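A.B. asks:
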Amino acid sequence: MTKNFKYKLGEGGYGSVFKGKLRSGHYVAIKLLGKSKGNGQDFINEVASIGRIHHVNVAKLIGFCVKGSKQALVYEFMSNGSLDKIIFSEENKETLGWKKMFDIVIGVARGIDYLHQGCDMQILHFDIKPHNILLDENFNPKVSDFGLAKLYSVEDSIVSLTAARGTIGYIAPELVYKNLGGISYKADVYSFGMLLMEMVGRRKNLNAFVDRTSQIYFPSWIYDRLDQGEDIELGDVSDDEKVLVKKMIITAFWCIQLLAIDRPSMSEVLKMLEGDVELLQMPPKPFHQLPLDTSMEVDGCESSVDKPSTSSSAVTIINSNV
Numbered sequence: 132m133t134k135n136f137k138y139k140l141g142e143g144g145y146g147s148v149f150k151g152k153l154r155s156g157h158y159v160a161i162k163l164l165g166k167s168k169g170n171g172q173d174f175i176n177e178v179a180s181i182g183r184i185h186h187v188n189v190a191k192l193i194g195f196c197v198k199g200s201k202q203a204l205v206y207e208f209m210s211n212g213s214l215d216k217i218i219f220s221e222e223n224k225e226t227l228g229w230k231k232m233f234d235i236v237i238g239v240a241r242g243i244d245y246l247h248q249g250c251d252m253q254i255l256h257f258d259i260k261p262h263n264i265l266l267d268e269n270f271n272p273k274v275s276d277f278g279l280a281k282l283y284s285v286e287d288s289i290v291s292l293t294a295a296r297g298t299i300g301y302i303a304p305e306l307v308y309k310n311l312g313g314i315s316y317k318a319d320v321y322s323f324g325m326l327l328m329e330m331v332g333r334r335k336n337l338n339a340f341v342d343r344t345s346q347i348y349f350p351s352w353i354y355d356r357l358d359q360g361e362d363i364e365l366g367d368v369s370d371d372e373k374v375l376v377k378k379m380i381i382t383a384f385w386c387i388q389l390l391a392i393d394r395p396s397m398s399e400v401l402k403m404l405e406g407d408v409e410l411l412q413m414p415p416k417p418f419h420q421l422p423l424d425t426s427m428e429v430d431g432c433e434s435s436v437d438k439p440s441t442s443s444s445a446v447t448i449i450n451s452n453v
């Protein structure tokens, strides 16, 4: 299937991803998991989470393989790789115009909204970031990598987390600091907002290699510019494109509010992005200094979740050597 793992597509905290080919001739992405700290819990999480999902903006799990101590997940192949390869690359970051970038934003928002309220169980991703947004041949986005995801049954309204989960720079503050309130789907909203900021800036939110110190933390710099009535430097773009970027920025500011209660749901995010820009108001400055460190534990944090609507899907076990 993988030709002895010849074609490596990438590597993350939970293992490496290789390009493979099924007997049918279809190309796939094989995620070979590394050694698990929790008796294969990350493997179970991912299969349990994405196995019930069927949405155009969520990566499709074709099947999984288990052979001895080896565990692999088989996904549809995304020919344009992950979003970070586009927005963080000097060579590629001008590849996509603002209209296509906005379409990607809408697609990602729809995918996350589906996870939150479109399945038979609510799924919280906990690791939304550019690296986990895959792009197909037409640059349609797919939310991927469910190793940190947690599922909530429709009967459950309170859930405990024993430790913070996520990636520094995208992790919601309430996942680190218990005094900021309970943990819910609003944690994914925060991560989406940070991702959205990086799509606007086409750079990492925290970057020490900039011309002025005021630009080091991109969200703070952009907020101050807008608050002072200054334009965002976008180069040679149309008025329609300026409107799209303004929508993205204001929506992102609402998403990264310090307190979860002040953030919109993903359904509300979609209304903001698809509505009239003149109806969007700038929120209070949302920042809590710089991106949070995930080393702190949040033992005993209680989380309230909303009840989702109903949907279901199935996963295939692939009997094949990985």
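Quick note: the sequence shown uses my numbering, first residue 132, plus one each step.
Just so you know, even glycine gets a beta-carbon here, dropped at the ideal spot from N, CA and C.
This structure is a prediction, so every number in the text was calculated from the model and none was measured.
(1) Could you check if arginine 154 is buried or exposed, using at least 16 other CB atoms within 10 Å of its CB as the buried criterion?
(2) Could you check the C-alpha separation between leucine 214 and isoleucine 264 for me, to the nearest Å?
(3) On a Cα-Cα basis, can you pick out the residue from His256, Tyr138, Leu390 and His185 that is closest to tyrosine 308?
(4) For the 8 Å Cβ check, are there 3 or more pairs between the region 275–285 and the region 252–260?
(5) Out of Ser396, Met403, Asn336 and Glu207, which one is the CA nearest neighbour of serine 315?
(6) Per DSSP, what kind of secondary structure is isoleucine 392 in: helix, strand or coil?
(7) Do you know offhand how far proline 417's Cα is from phenylalanine 384's?
(8) Whose C-beta lies closer than 7 Å to the C-beta of tryptophan 229 among residues of the same chain, with five residues either side of it excluded?
(9) Strictly by DSSP, which residues pair up with tyrosine 158?
(10) Helix, strand or coil for alanine 179? Go by DSSP, reduced to three states.
(11) Here's the rule: buried if 16 or more other CB atoms are within 10 angstroms of the residue's CB, otherwise exposed. What is valine 436?
(12) Measure from the alpha carbon of lysine 162 to the alpha carbon of each residue in Arg241, Ala190 and Ile243, then state which is nearest.
(13) Below 8 Å on the Cβ atoms is my contact criterion, and I expect proline 272 with valine 320 to pass it. Report the Cβ-Cβ distance as a whole number of Å.
(14) Closer than 7 Å by C-beta to alanine 179: which residues in its own chain qualify, once you throw out the five before and the five after it? Chain order, please.
(15) For lysine 224, which residues of its own chain have a beta-carbon under 6 Å away from its beta-carbon, when the five flanking residues on both sides are left out?
(16) Can you grab the Cα-Cα spacing for the pair serine 288 / glycine 199, in whole Å?
(17) So is phenylalanine 340 buried or exposed if we call it buried at 16+ other beta carbons inside 10 Å?
(18) Hey, phenylalanine 270 and isoleucine 235 are a contact pair by Cβ (cut 8 Å); roughly how many whole angstroms apart?
(19) Please classify valine 341: does DSSP put it in a helix, a strand, or coil?
(20) Does the Cβ-Cβ distance between tyrosine 348 and leucine 365 come in under 7 Å?
(21) At the level of alpha carbons, what is the spacing between threonine 382 and lysine 201?
(22) Tell me the residue span of the beta strand (DSSP E) that contains valine 274.
(23) Helix or strand or just coil, what does DSSP make of leucine 140?
(24) Assuming valine 376 is part of the alpha helix (DSSP H), what are its boundary residues?
C.D. replies: Taking the coordinates as given:
(1) exposed
(2) 6 Å
(3) Leu390
(4) Yes: at least three Cβ pairs fall under 8 Å.
(5) Ranking Ser396, Met403, Asn336 and Glu207 by Cα distance to serine 315 puts Ser396 first.
(6) It is helical.
(7) 7 Å
(8) Val368, Glu372, Leu375 and Val376
(9) DSSP lists Lys152 as partners of tyrosine 158.
(10) helix
(11) Model confidence at valine 436 stands at a pLDDT of 40, short of 50, so the residue's coordinates are unreliable; what they give is reported in the following sentence. Valine 436 is buried by the Cβ-count criterion.
(12) The candidate whose alpha carbon is nearest that of lysine 162 is Ala190.
(13) With 8 Å as the limit, proline 272 and valine 320 do not qualify as a contact, their Cβ atoms being about 17 Å apart.
(14) Leu282
(15) Ile218 and Arg333
(16) Residue confidence is low: serine 288 scores 43 on pLDDT, short of 50, so the model does not pin down where it sits. Its coordinate-derived value is still stated next. If you take the alpha carbons of serine 288 and glycine 199, they lie about 37 Å apart.
(17) exposed
(18) 7 Å
(19) Residue state for valine 341 is assigned as coil, using DSSP reduced to three classes.
(20) no
(21) 42 Å
(22) 272–274
(23) strand
(24) 370–386
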